[in-house]
Structures are given as structure tokens and as C-alpha cells.
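All remarks here apply to the structure that follows.
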Amino acid sequence: MNNQPLSPAAAADDWLDTVLHADGREHRAAYLDDAGFTARVMTALPAPAAMPAWRKPALALLWAVAGIAVALALPATLVDVAHDVLRLLVGQRVSLAGIAAGVVALGSATWLAAALALRED
Amino acid sequence: MAESSLTDAELIARVVVQDDRHAFSELVRRHQSAVRATLRRLTAGNHALADDIAQETFMLAFRNLRSFRQESKFSTWLYRIATNAYLADARRRKEELLGDRDAGVADDEGGDVPSAETGGPDPARAATLSLDMDRALAVLSEGERAAIVQCYHNDLSHEEAAQVLNCPVGTVKTHILRAKQKLRSRLAAWKPH
Numbered sequence: 433m434n435n436q437p438l439s440p441a442a443a444a445d446d447w448l449d450t451v452l453h454a455d456g457r458e459h460r461a462a463y464l465d466d467a468g469f470t471a472r473v474m475t476a477l478p479a480p481a482a483m484p485a486w487r488k489p490a491l492a493l494l495w496a497v498a499g500i501a502v503a504l505a506l507p508a509t510l511v512d513v514a515h516d517v518l519r520l521l522v523g524q525r526v527s528l529a530g531i532a533a534g535v536v537a538l539g540s541a542t543w544l545a546a547a548l549a550l551r552e553d
Numbered sequence: 073m074a075e076s077s078l079t080d081a082e083l084i085a086r087v088v089v090q091d092d093r094h095a096f097s098e099l100v101r102r103h104q105s106a107v108r109a110t111l112r113r114l115t116a117g118n119h120a121l122a123d124d125i126a127q128e129t130f131m132l133a134f135r136n137l138r139s140f141r142q143e144s145k146f147s148t149w150l151y152r153i154a155t156n157a158y159l160a161d162a163r164r165r166k167e168e169l170l171g172d173r174d175a176g177v178a179d180d181e182g183g184d185v186p187s188a189e190t191g192g193p194d195p196a197r198a199a200t201l202s203l204d205m206d207r208a209l210a211v212l213s214e215g216e217r218a219a220i221v222q223c224y225h226n227d228l229s230h231e232e233a234a235q236v237l238n239c240p241v242g243t244v245k246t247h248i249l250r251a252k253q254k255l256r257s258r259l260a261a262w263k264p265h
């Protein structure tokens, strides 16, 4: 304890302070072996909250529906974007290596997205 | 990174954000000795009861970890939970506990007493003192015992003990004074002649 004695009466109890401090020191120095205590605590903890099995398919379906809904709601925009992209691609000279790189990039992105969507929690 | 190399704050963050059970088990492993030792003192040497309350303490800590604001040390927060759990349990068991311990203390009065000196790392003396201390602490009220344990056993200042016990500093000082008045006669055998 770091505080000063409280009163003259308390100061007269030096021996009691010594005894209490000696006992406290002994107890702080003694390490209690775990002896399975941590394992018991961990067993007693509530189970981790698991996501329901239907969550991922439902989410995927929801995203698909949302995508289709957007595509249907903005048909003219989509067609314009598709035309512009096609025009860009046609207007450029694309090498075989470029096409291969594009396919690899697209494949990697698809694989990554699938892995993220289907990963275990 | 291995859990054992992380600080308490980092482990707590892992538990709160990722529900990382390994991180929590490392926290339990780190603090179990101090919490169980404190509770053994508070329960005046009842190891089984102390371990039950210690388990409850860590369960409560796990459930309430999000509310830990890191304004105090994690160990101080654990002491607070442990002390509250002990006091709640003591209220439930009050009559039974007081009856048992009063009988135990009365039986031991007048028995063999150790010599009065307290210096020197003698295991037998330390064990005897520990037993005498358990018996002496048993006559204190829960509040007095908690104040003595926090200030002497856990070496907290009055201010820190007040934080743990959730009471004003003045109350801690009063508990200590009253406890010492009672302990003076119970531990008289340890007074140097």
C-alpha cells in the first residue's frame, strides 16, 4: 500500500502493517499454477455466434436480384455503356498477350470474389 | 503473431472485434493467478469457492469486455469484477459463512502460536502466517476484508482500492482502520515482544 499512515493510532500499528505487508508480499510472489483453470473457463464460455447456413446463398441471391434490377431499370444506360466499351475495344489494336492478360485478370478477380463469398467464418 | 507476445490491450481488441477465443484464453492464463489469489484471500482460504468465483469473474469479464474503457489497468478492472462477484456471493451465503468461520476462529483461539518476528523468507512461517491471516480476515466484514486485501494483498493505493471497490476513498480508509483494530488482537501473536 502506498499511502501514509492515517493517524497516530495507525502509526502505532507498525508491527501490524509489517505483518500485513509480509503476508501480501508472500501471496503476490506465489504464482498459482493454472491446473486446468483456463480450460474450464473457456469451456464455460457461450458458444460463438454462428451465422445461419442459409445466409451466404441468400446474400448472393440478393446481390444478383439487385444487379438484375439495376440493369432492367437502366436499360438505355447499359446499352450506351456497352456500345462505348465495344467502340473502345474495337478502336484499339489488341495483342494476343493483352487478351491473355485480360482473361487472367478477369479470372483472378472472379476466383477471389468466389473465395471471399464462400469462405468459412 | 503469437498471443503471448501481445499486450493486454491488443488481446482485448482481438476479443472484442473478432471474438477471438485464443486471445481471451491468453488473458485468462495471464491473470488467473492474481485473481484466484485475491479471491482466496477474500474467501479467507476457501479455495474451491474462490475458484468458482474466479470462473464467474472471467465469464463476466468476457461478456462485458466491450464496456472496458481502458481507463484503468485490465487487472484493476478484473479485481473490481472479482470483488463484486465475491460480495454478491457473500450476501447470498452470509449466514452460513459467518456461522462456520466464527466457530473455526473460536476453536483456534488459544492454540499454538508462532513467534512474533515476521522477517525472513521462511516457508513454514509464511504458511503459518497465511493460515493465521485467513482466520483473522474471517472476522472482518466483507467491506473491511475487501479493503485490506486490495490495499495489502494487491498492493493498491487507497485511491485504486476505492476504484476497485466502487466507493469513496474515505470509506476505504475507514474500512482499513476498523479492520486493523480487529486484526490487532487476532494477530497479536505476531507482534514483536
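These protein sequence lines are chains P and G, in that order. When the letters of the first sequence are read in order and numbered with this note's numbering, they come out as residues 433 to 553. When the letters of the second sequence are read in order and numbered with this note's numbering, they come out as residues 73 to 265. Idealized CB from N, CA, C, for every residue including glycine.
- Apart from the 5 residues on each side of it in sequence, Q222 of chain G sits with its Cβ closer than 7 Å to the Cβ of Y151, L228, A233, V236, L237 in its chain, given in chain order.
- Residues of the stretch 532 to 547 of chain P that bring their beta carbon within less than 9 Å of a beta carbon in chain G are absent altogether.
- Check the Cα spacing between V100 of chain G and each of G:V89, G:V88, G:Q127: the tightest is with G:Q127.
- A120 of chain G has its alpha-carbon roughly 13 Å from the corresponding atom of V107 of chain G.
- Counting every other CB atom within 10 Å of its CB across the protein chains shown gives E143 of chain G a total below 16, marking it as exposed.
- For the C-beta of A476 of chain P, the chain G residues within less than 8 Å are, from N- to C-terminus, Q127, M131.
- Straight through space, the alpha carbons of Q90 of chain G and A537 of chain P are spaced by roughly 31 Å.
- Residues of chain G with a Cβ closer than 7 Å to the Cβ of P507 of chain P do not exist, since the nearest Cβ in that chain sits about 43 Å away.
- Taking a C-beta distance under 7 Å as the contact criterion, S105 of chain G and L464 of chain P qualify as a contact pair.
- By the C-beta density criterion, N136 of chain G is exposed, having fewer than 16 other C-beta atoms within 10 angstroms.
- Rounded to the nearest whole angstrom, the CA to CA distance from E216 of chain G to R460 of chain P is 20 Å.
- Taking 7 Å as the cut-off, the Cβ atoms of L452 of chain P and Y224 of chain G count as close.
- Taking a beta-carbon distance threshold of 7 Å, L448 of chain P counts as an interface residue toward chain G.
- Per DSSP, the unbroken alpha helix (DSSP H) holding R108 of chain G starts and ends at 93 to 114.
- Every unbroken stretch of the alpha helix (DSSP H) spanning 4 or more residues and falling wholly within the stretch 461 to 505 of chain P is given here in chain order: 469 to 476, 487 to 505.
- Taken through DSSP and simplified to helix, strand or coil, C239 of chain G comes out as coil.
- L83 of chain G and S77 of chain G have their alpha carbons spaced roughly 10 Å apart.
- Against I220 of chain G, the close residues of chain P are L452, in the order they occur along the chain (beta-carbon pairs closer than 8 Å).
- From the listed residues G:R141, G:Q253, G:D80, G:A198, the smallest Cα separation to I220 of chain G is found for G:Q253.
- Setting aside the 5 residues that flank it on each side, L209 of chain G is surrounded in the same chain by A116, R217, each with a C-beta closer than 6 Å to its C-beta; the list follows chain order.
- If you check the CB distance, E231 of chain G and A162 of chain G do not come in under 7 Å.
- Between F140 of chain G and chain P, the shortest Cβ-Cβ separation is not below 7 Å.
- Between V87 of chain G and A95 of chain G, the C-beta gap is smaller than 7 Å, which places the two residues in contact.
- For D123 of chain G, the uninterrupted alpha helix (DSSP H) run begins and ends at 119 to 135, by DSSP.
- Put simply, the CB of Q90 of chain G is far from chain P, with every gap to its CB atoms at 7 Å or more.
- With fewer than 16 neighbouring CB atoms inside 10 Å of its own CB, V535 of chain P falls in the exposed class.
- Under the 7 Å criterion on CB atoms, F146 of chain G is classed as non-interfacial with respect to chain P.
- With 16 or more other Cβ atoms from the protein chains shown falling within 10 Å of its own Cβ, H103 of chain G counts as buried.
- At a cut-off of 7 Å, the C-beta of P240 of chain G has no neighbouring C-beta in chain P.
- According to the DSSP assignment, T509 of chain P belongs to the alpha helix (DSSP H) that extends over 507 to 523.
- Flagged as an interface residue toward chain P: L201 of chain G, by a C-beta distance shorter than 7 Å.
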